[in-house]
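For reference, the structure is listed below as structure tokens.
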Amino acid sequence: MRRSATAGRSSRSPDGIGPRAGRAFFDRPASRVARDLLGAVLVVRSGRSVRSVRIVETEAYVRKDPASHAFRGRTLRNRSMFSRPGTLYVYRIHQVVCANLVAHLGEAVLLRAGSSASVPPRVASGPGRLCRYLGIVREDDGMDTVSGHRVELHLRTKRAGPVHVGPRVGIRKAADRPLRFTLAKEKAVSLPRPLGGRASRQWRARVNP
DNA sequence: CTTCAGATTATCT
DNA sequence: GATAATCTGAAGT
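Per the working numbering, residue 1175 is the first one in the first sequence, and the count goes up by one each step.
See the structure below:
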């Protein structure tokens, strides 16, 4: 891998990292955003440290979706889901926090897993572990990733590899919708609880080029 | 004010 | 595969 000539700030921006995602990237249906998020790089600055992962698994929560936190309208918890596209929606579940990127019209994309070459394979695998590794905390809820500088999303110049589409996990309602997206080559970094039982074959067949 | 379920994870059998 | 951990937002009384 080629190294930047100058040290310090320019040391981020490895090969293949493209421009920051603008508002228009997020202002689309969550299912499209979720798919296009695969391969993008999420960068989080905490003090002097910078951590980043390549996004390898996402899950879309859409309108009229019983599983979506926004299903019953705007509340104190989910208000960020109704903010500008590109806003972070961070919520707590049990003892962890999970992060979403807001798409359009009250839709959002849950970041389920990331990979990083310099780190053990599973540290950012799973919504809670991903946030823990990157240092995303509840105070980041409502942050705008388009105009802000603590959390940035960088798109890839090259198209990511084949994408698996599968059922959502960890939810009871409307799980059987093709709204979970993974990078096919990153299976190892994917779920703690992947596809189960007889549904497997049905879902494994669904691949987007 | 009380109850309750949850977009999870670590750990056990 | 099953369960405990652990706590908050939201709904119910």
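Glycine is no exception: its CB is placed at the ideal position from the N, C-alpha and C atoms.
This one's a predicted model, so the numbers in the text were calculated from it and none came from an experiment.
Mind reading off the beta-carbon distance from G1192 to L1357? Whole number of angstroms is fine, and I expect it under 8 angstroms. Contact flag wrong, Cβ pair sits at about 16 angstroms.
What are the boundary residues of the alpha helix (DSSP H) that F1199 is part of? R1197 to F1200
What are the start and end residues of each continuous beta strand (DSSP E) run of 3 or more residues lying completely inside the segment 1216-1284, in chain order? 1223-1235, 1262-1267 and 1270-1276
Where does A1287 sit, in a helix, a strand or coil, going by DSSP? strand
Label G1288 either buried or exposed according to how many other C-beta atoms from any shown protein chain fall within 10 Å of its C-beta, with 16 as the threshold for buried. buried
Integer Cβ distance of V1283 from A1277, believed to fall under 8 angstroms: 6 angstroms
Please classify E1360: is it buried, with 16 or more other beta-carbons within 10 angstroms of its beta-carbon, or exposed? buried
Collapsed DSSP secondary structure at P1193 in the structure displayed: strand
Give the range of the alpha helix (DSSP H) segment to which L1308 is assigned. P1301 to L1308
Could you name the residues of the same chain whose beta carbon sits closer than 7 angstroms to that of R1202, not counting the 5 residues immediately before and after it, in chain order? A1277 and H1278
Buried versus exposed call for S1254 [16 or more other C-beta atoms within 10 Å across all chains shown]: buried
Among the residues of its own chain, which have a CB less than 6 angstroms from the CB of W1243, if the five just before and after it don't count? The sequence shown places His at residue 1243, not Trp. Excluding sequence neighbours, H1243 sits near N1252.
Is it buried or exposed, S1220, if we count other Cβ atoms within 10 angstroms and call 16 or more buried? exposed
Hey, V1217 and S1223: beta-carbon distance below 8 angstroms or not? no
Pairwise C-alpha distance: K1347 and R1228: 29 angstroms
Pick from I1310, S1299 and K1332: whose alpha carbon is nearest that of L1275? I1310
Go through its chain and collect everything with a Cβ distance to C1305's Cβ below 6 angstroms, but skip five positions before and after it. V1271 and A1273
When the distance is taken between beta carbons, is R1354 closer than 8 angstroms to R1342? yes
I'd like to check one pair, V1236 with L1212: are the Cβ atoms closer than 8 angstroms? no
Per DSSP, which residues does E1326 bridge with? Please list them. V1217
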